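Visitor: Attaching a single structure in structure tokens format; questions to follow.
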Amino acid sequence: MTLENAELTTEQVLRRDIPWETYMTTKLISGTDLQLLRRYDKMAERFKSQLLDDDGPAYIHVFVTILRDIFKDETVEYVLALIDEILTANPRRAKLFHGSAFSNEDTYEPFLRLLSKGNWFIQEKSCKILSLIVSARQSAQNGVDASNSKSKHNSTEDVLKSLVEWLCTQLRKPSHPSRSIPSAINCLATLLKEPVVRRSFVQADGVKLLVPLISPASTQQSIQLLYETCLCVWLLSYFEPAIEYLATSRALPRLIEVVKGSTKEKVVRVIILTLRNLLVKGTFGAQMVDLDVLQHVQNLKAQAWSDEDLLDALNQLEGGLKDNIKKLSSYDKYKQEVLLGNLDWSPMHKDPHFWKENINCFEENGFQILRVLLTILDTSNDARTLAVACYDLSQFIQCHPAGRVIVADLKAKERVMKLLNHDAAEVTKNALLCIQRLFLGAKYASFLQA
């Protein structure tokens with residue numbers, strides 16, 4: 000469906016002249032409300048600000064009443080533009096929507112209803128305004144006695160759930176080709192500060208909708224979208240159910256790819272803060288080591304950043320990654336990698352301390368891991384895996400007192416010899432090293448360089 004007024008701007012709408020007197024004669028607004036509107040409408044920004052300071056709840060009540068009782072698009076657009084102008088100038092004015100003037104009214108209903116209008120300007124402004132005022136309500140409820148706010152809290156949770164579902168719908172099937180996704184992400188960046196929203200967002204299967212948006216940006220608009228998307232991911236990195244999904248997605252490689260090429264400090268900052276949060280969760284630490292995040296962090300540290308929080312986060316991430324590398328240099332990690340049959344140059348392979356400390360572990364289960372390495376030489380088509388397997392066999396020969404005899408008894412020579420003619424130079428180099436160590440034995444192997 001093509002939405003009406005999709006390209007309207009707030010400035011265009013605010014230039015309109017709305018015939019408020021007509022609504023009074025039809026009893027859609029009261030004389031008092033009309034008087035307030037006349038005082039506020041078309042006035043200078045400084046004067047409007049003073050009116051809101053003096054009698055803000057009354058003006059907000061008038062605007063919400065109009066949205067509830069008047070359905071003409073031009074008027075609804077105008078009032079939404081007024082409210083958007085108020086909140087853009089001072090987001091803290093969102094608390095005006097929760098004053099005593101609304102004690103017996105549902106402040107959210109008009110905005111929630113307007114989300115279903117076939118008018119993009121109305122949808123976009125309603126979503127933005129609703130996000131700000133609901134977030135203000137949630138923040139105000141922190142520390143409030145639950146017995147005094149239970150009914151309001153339940154109502155707010157229902158509204159948040161409906162709003163989150165609408166936002167997810169916009170991410171899945173945008174109403175507007177260029178503005179739906181940025182608007183939805185902008186609202187989520189505000190709302191996901193609240194734990195209840197994080198829960199609703201995960202339940203709505205929204206996390207997966209963010210991952211494709213984590214990609215290098217080229218324009219100012221796409222940079223802002225990227226920043227707010229990464230901000231959403233950072234907020235979700237404080238919520239365990241969301242972390243569980245992120246762990247099974249392409250989120251981490253995408254974040255790293257972006258931070259490698261980004262020069263925008265705010266983008267780098269929010270990604271580094273996210274990585275710092277994820278480092279201690281599940282397998283993220285191991286993934287970061289495999290993706291060589293430590294090198295990227297050290298490269299970032301060499302650049303000039305003005306944000307002290309970013310510098311602190313880089314230092315913390317660097318220290319955490321170094322600790323992870325030490326922990327990952329264990330036989331259990333190595334064993335898991337070999338059993339999966341997909342080898343790479345992870346730190347432990349060339350770490351002398353790993354081989355010295357764990358060489359006797361290779362004797363477990365009748366040299367099971369050595370046998371698997373030999374099977375890999377027979378079956379793998381991956382050059383990197385074959386090269387690493389040859390190197391590991393040569394390390395075993397060098398480090399184990401009986402390494403040469405054990406590997407020879409397992410008939411490794413024939414398998415390695417076949418790889419001397421491999422197309423990949425990396426494979427032939429490490430196959431040759433293995434053969435040299437097998438022939439020369441441990442006494443002379445230390446003179447050979449990998």
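One point on numbering: in numbering that gives the first Met the number 0, the residue at position 17 of the sequence shown is 16, and numbering is uninterrupted. Even for Gly, the Cβ is constructed at its ideal location relative to N, Cα and C. These numbers come from a predicted model, not from an experiment.
1) Among 415, 197, 198, whose alpha-carbon lies nearest the alpha-carbon of residue 426?
2) Any idea if residue 91 is buried or exposed, counting beta-carbon neighbours within 10 angstroms, 16 or more meaning buried?
3) Quick one, are the C-beta atoms of residue 392 and residue 372 less than 7 Å apart?
4) Can you confirm whether the segment 250–270 touches the segment 318–330 when touching is taken to mean that 3 or more C-beta pairs between the two stretches lie within less than 8 Å?
5) Report the three-state DSSP secondary structure of residue 118 (helix, strand or coil).
6) Contact between the segment 94–105 and the segment 25–36: three or more CB pairs below 8 Å?
7) For residue 199, tell me which candidate among 25, 56, 53, 163 has the shortest Cα-Cα distance.
8) Can you check whether the CB of residue 156 is closer than 7 Å to the CB of residue 196?
9) Does DSSP put residue 6 in a helix, in a strand, or in coil?
10) Round the Cβ separation of residue 230 and residue 216 to the nearest angstrom and send it over; I've been treating them as touching at under 8 Å.
11) Determine whether the beta carbon atoms of residue 58 and residue 17 lie at a separation below 7 Å.
12) Of the choices 407, 429, 175, whose alpha-carbon is the least far from that of residue 6?
13) Could you round the C-beta distance between residue 272 and residue 312 to whole angstroms and report it? I think they count as a contact, below 8 Å.
14) Between the Cα of residue 435 and the Cα atoms of 397, 421, 410, 422, which residue gives the shortest distance?
15) Using the C-alpha atoms, what's the distance from residue 297 back to residue 102?
16) What did DSSP end up calling residue 214 once you bin it into helix, strand or coil?
17) Taking only the alpha-carbon atoms, compute the straight-line gap between residue 30 and residue 69 and give it to the nearest angstrom.
18) Given residue 60, which residues of its chain have a CB within under 8 Å of its CB, disregarding the five upstream and five downstream residues?
19) Determine the closest residue to residue 185 out of 341, 227, 364, with distance taken between C-alpha atoms.
20) Exposed or buried, residue 11, counting other C-beta atoms within 10 Å across all chains shown (16 or more means buried)?
21) Going straight from the alpha carbon of residue 281 to that of residue 309, what length do you get?
22) Excluding five sequence neighbours on each side, which residues of the same chain lie with their C-beta closer than 6 Å to the C-beta of residue 433?
23) Residue 82 and residue 128 look like a contact to me (Cβ under 8 Å); what is the Cβ gap, rounded to whole Å?
24) Just list the alpha helix (DSSP H) runs in the segment 206–265, keeping only unbroken ones of 4 residues or longer that don't cross its boundaries, in chain order.
Guide: According to the structure data:
1) 415
2) exposed
3) yes
4) no
5) strand
6) no
7) 163
8) no
9) coil
10) Not a contact, Cβ separation roughly 14 Å.
11) no
12) 175
13) 5 Å
14) 397
15) 55 Å
16) coil
17) 15 Å
18) 100, 101
19) 227
20) exposed
21) 24 Å
22) 389, 392, 393, 415
23) 5 Å
24) 206–209, 219–235, 239–246, 250–260
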